[in-house]
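Peer 1: Chains as they are written, first to last, in my numbering: chain A, 417 to 723; chain B, 417 to 723. Beta carbons are placed, not taken as given, at the ideal position from N, Cα and C, and that holds for glycine. Note that the structure is predicted; figures quoted are calculated from it, not measured.
There are 2 protein chains.
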Amino acid sequence: MSILAVGSVAFDNITTPSGSVANALGGSSTYFALAASYFAEVRLVAVVGDDFTSEHENVFRRRGVDTAGIERASGKTFRWGGRYAENLNEAKTEFTELNVFEKFQPRIPSAYKDSPFLFLGNIHPVLQATVRRELSRVKLTGGDTMNFWIQRTNRELRDTLKVMDVLLINDTEAKMLAEEPSLPRAARKVLDLGPQALVMKHGEYGATIFFREGAFGVGKHPFRAPALPLEEVRDPTGAGDSFAGGFMGYLASQATLNREVLKRALFYGGVMGSFAVERFGTERLERLTREEIDARFEIFRELTHLE
Amino acid sequence: MSILAVGSVAFDNITTPSGSVANALGGSSTYFALAASYFAEVRLVAVVGDDFTSEHENVFRRRGVDTAGIERASGKTFRWGGRYAENLNEAKTEFTELNVFEKFQPRIPSAYKDSPFLFLGNIHPVLQATVRRELSRVKLTGGDTMNFWIQRTNRELRDTLKVMDVLLINDTEAKMLAEEPSLPRAARKVLDLGPQALVMKHGEYGATIFFREGAFGVGKHPFRAPALPLEEVRDPTGAGDSFAGGFMGYLASQATLNREVLKRALFYGGVMGSFAVERFGTERLERLTREEIDARFEIFRELTHLE
């Protein structure tokens, strides 16, 4: 089934201990769309500038991503520059030029309005809610947010969380949103804000999904998927967005949504994140095969499964 | 089979956001011994002072721990005071009084010399190596260390690592020992120093076991066990030592040592760590049942197992 993804397309300058790239196609919805494209049809709603060429568009098209929702605005595409230190845990932002993204007002092509899956990328929560309202046949809405929105638009974000089924954020964001230093208690508080499930991403330690009581079936325990201990991480950019793409993509490929399916989706999220960081930018995500993905899924399974 | 454990017995003053205790029986080998006692016979080699009463000894005896190796020295027992902030990740040490522990020279009762399992607690690496040499029938040696020994006695520690089969340390210690910020690369470097396997403890994110090529069977991938997302952690003191006790105890209860057994041991380590932190000091570890332990093992399994 189709996933409508809304978010940013950007050009990134990235420096890591392994090297650097300039003007690399990036942005949260780019990583999301490429990762999800191995599982489901992806429809992209984003804005780009005059510097976005057919060559860039072909990166999406080769993966079957529907680009009709990519709006061309006059000006430059969103640009970001970041540098990772030796431990690779967090990028130091060197510059952020929002450019055409600053005035982004998502426009949903009418052909997209029947999308059964929706992913609300990391944009203003009011825009996220607007997009959600325009779709009437959504089975499941996933979403992301970040410290900026948690701090600056907290009330609006809390409203938007009421229409999100699954929120995917990292540990720091969860603690900030819940105002609670304990991760399990933060999870409960975030679920009290509306989502049916919370995916908390722990970086190199994997991710945990917490369920609201009774959501997606019964059971009182969360579920944890590992991350692959990779000796060589070349570029962590987009790992979280690729995780979300694998997670949502797998859900959209399944006939029913229950806890077991969401658990498997958590593993596929980790799998796609692990591919993303092996090369700079989107390089690895552009040229995967479903066989490689499923082989790595088995490695992830073996990483935590007892006989 | 029996485990000989050498390490510290202490009296702790602990303050956490949940409360505080004073003069609570603690020390690394206390937590280790109590946790391991649910799986195997534990023989304890440690030193205590005049303030160690029969009431304290009975804590061990009730769990069937052999206390013949606890030496009584003139003076006070090792005392430690620590305080945990809201996030519970690390204790701020308020005082350390080594007392009789300062001159600790482990003496192995002759009845202990046939011990097939050995756990070298966090003491001077030269003492660790001395203890190892006194035992001639050891099947497996596990060990711990800490930043103090890594920095102050690095050469001696490297020598001792050559006689350890499994080293159990946390992420920070592994990075420090390997002088390497990437955990998977740090793991490889630590294994190059001698151990057959490295258990890297990630706190609330669980633990990973990395195997030296060909050790305990075949396979090239590490294995990860989760930690339980506990909403209420009352006192994190002793979590790592209890983990080691569960890990080593389970190994000592098994007829053969292969990767599958070590993987299960990693889960039991997490299980015992999760019990330890539910109450202050050793309270929870003193009164468990094997049924409670196995029930929690099943929860740990469900936490990462796909159907």
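Can you list the alpha helix (DSSP H) stretches of 4 or more residues lying completely in the stretch 446 to 505 of chain A, in chain order?
Peer 2: 470 to 478
Peer 1: For GLY435 of chain B, which three-state DSSP category applies?
Peer 2: strand
Peer 1: Who are the neighbours of PRO638 of chain B on chain A, taking C-beta pairs under 8 Å?
Peer 2: PRO645, LEU719
Peer 1: Give me the chain B residues within the contact set of SER434 of chain A, using Cβ-Cβ distance strictly less than 8 Å, ordered along the chain.
Peer 2: Correct list: empty, because the minimum Cβ distance to chain B is about 11 Å.
Peer 1: Less than 7 Å between CB atoms is the rule here; does LYS679 of chain B satisfy it with respect to chain A?
Peer 2: yes
Peer 1: Residues of the stretch 490 to 505 of chain B in Cβ contact with chain A at a cutoff of 7 Å, in chain order, please.
Peer 2: GLU502, ASN503
Peer 1: Mind pulling the chain A residues with CB within less than 8 Å of TYR684 of chain B?
Peer 2: Chain A residues near TYR684 of chain B: none, gap ~11 Å exceeds 8 Å.
Peer 1: Can you give the Cα-Cα distance for GLU695 of chain A and VAL687 of chain A, rounded to whole angstroms?
Peer 2: Reading off the sequence, residue 695 of chain A comes out as Arg, not Glu. Each residue's alpha carbon lies about 14 Å from the other.
Peer 1: Indicate the three-state DSSP secondary structure (helix, strand or coil) for GLY442 of chain B in the structure shown.
Peer 2: For GLY442 of chain B, the secondary structure class from DSSP, reduced to helix, strand or coil, is strand.
Peer 1: Pick from A:GLY480, A:VAL422, A:GLY654: whose alpha carbon is nearest that of LEU441 of chain A?
Peer 2: A:GLY654
Peer 1: What are the start and end residues of each continuous alpha helix (DSSP H) run of 4 or more residues lying completely inside the stretch 568 to 592 of chain A, in chain order?
Peer 2: 570 to 577
Peer 1: Let's test the definition: count the other Cβ atoms within 10 Å of the Cβ of GLY409 of chain A and tell me whether it reaches 16, buried, or not, exposed.
Peer 2: Because chain A in this structure spans residues 417 to 723, residue 409 of chain A falls outside the shown range and cannot be described.
Peer 1: Measure the Cβ-Cβ separation of GLY485 of chain A and GLY465 of chain A and say whether it is below 7 Å.
Peer 2: No, the Cβ-Cβ distance between GLY485 of chain A and GLY465 of chain A is not below 7 Å.
Peer 1: Kindly indicate which three-state DSSP category ILE419 of chain A falls into: helix, strand or coil?
Peer 2: strand
Peer 1: Does DSSP put VAL542 of chain A in a helix, a strand or coil?
Peer 2: helix
Peer 1: Do LEU644 of chain B and PHE626 of chain B have their C-beta atoms closer together than 7 Å?
Peer 2: No.
Peer 1: By alpha-carbon positions, which one of A:THR469, A:HIS472, A:TYR528, A:GLU471 ends up nearest to VAL422 of chain A?
Peer 2: Ranking the options by Cα distance to VAL422 of chain A, first place goes to A:TYR528.
Peer 1: Beta carbons nearer than 8 Å to chain E: which residues of the stretch 690 to 723 of chain B have them?
Peer 2: Of the chains in the structure shown, none is chain E; the protein chains are A and B.
Peer 1: Hey, how far is the Cα of MET562 of chain A from the Cα of GLY619 of chain A?
Peer 2: 15 Å
Peer 1: My guess is that GLY497 of chain A and GLU510 of chain A are in contact by the Cβ rule of under 8 Å, so how many angstroms apart are they, rounded?
Peer 2: 4 Å
Peer 1: Return the CA-CA distance between SER444 of chain B and PHE494 of chain B, expressed in angstroms with no decimal places.
Peer 2: 11 Å
Peer 1: Is the CB of TYR762 of chain A under 7 Å away from at least one CB in chain B?
Peer 2: For residue 762 of chain A there is no data in the structure shown, the boundaries of chain A being 417 and 723.
Peer 1: With distance defined between alpha-carbon atoms, name the residue in A:GLN567, A:ARG568, A:ALA545 nearest to GLU559 of chain A.
Peer 2: Before going further, note that residue 559 of chain A is Gly rather than Glu in the sequence given. If we check each option's Cα against that of GLY559 of chain A, A:ALA545 comes out closest.
Peer 1: What in chain B is Cβ-close to THR653 of chain A, meaning under 8 Å?
Peer 2: Those within 8 Å of THR653 of chain A in chain B number zero; the least Cβ separation is about 17 Å.
Peer 1: Evaluate contact between the stretch 518 to 527 of chain B and the stretch 449 to 469 of chain B, counting only Cβ atoms and requiring at least three cross-stretch pairs below 8 Å.
Peer 2: yes
Peer 1: Mind checking if HIS618 of chain B is an interface residue toward chain A, Cβ cutoff 7 Å exclusive?
Peer 2: Yes, HIS618 of chain B counts as interfacial toward chain A.
Peer 1: Cβ of VAL554 of chain B within 7 Å of Cβ of LEU534 of chain B?
Peer 2: yes
Peer 1: Starting from ARG675 of chain A, follow the alpha helix (DSSP H) in both directions and report where the run begins and ends.
Peer 2: 675 to 692
Peer 1: Who are the Cβ neighbours of TYR447 of chain A in its own chain at under 6 Å, not counting the five residues just before and after it?
Peer 2: GLY654, ASP657, SER658
Peer 1: Taking just the CA atoms, how far does ALA449 of chain B sit from VAL481 of chain B?
Peer 2: 7 Å
Peer 1: What do you get for SER436 of chain B, buried or exposed, if any count of 16 or more other CB atoms within 10 angstroms of its CB means buried?
Peer 2: exposed
Peer 1: Within 10 angstroms of its Cβ, does THR469 of chain A collect 16 or more other Cβ (buried), or is it exposed?
Peer 2: exposed
Peer 1: Is TYR621 of chain A close to chain B, meaning its C-beta is less than 7 Å from at least one C-beta of that chain?
Peer 2: yes
Peer 1: Taking Cβ positions only, does PRO525 of chain A come closer than 7 Å to chain B?
Peer 2: no
Peer 1: Can you give me the start and stop residues for the alpha helix (DSSP H) that ILE715 of chain B sits inside?
Peer 2: 706 to 720
Peer 1: Would you call the CB atoms of TYR500 of chain A and THR588 of chain A closer than 7 Å?
Peer 2: no
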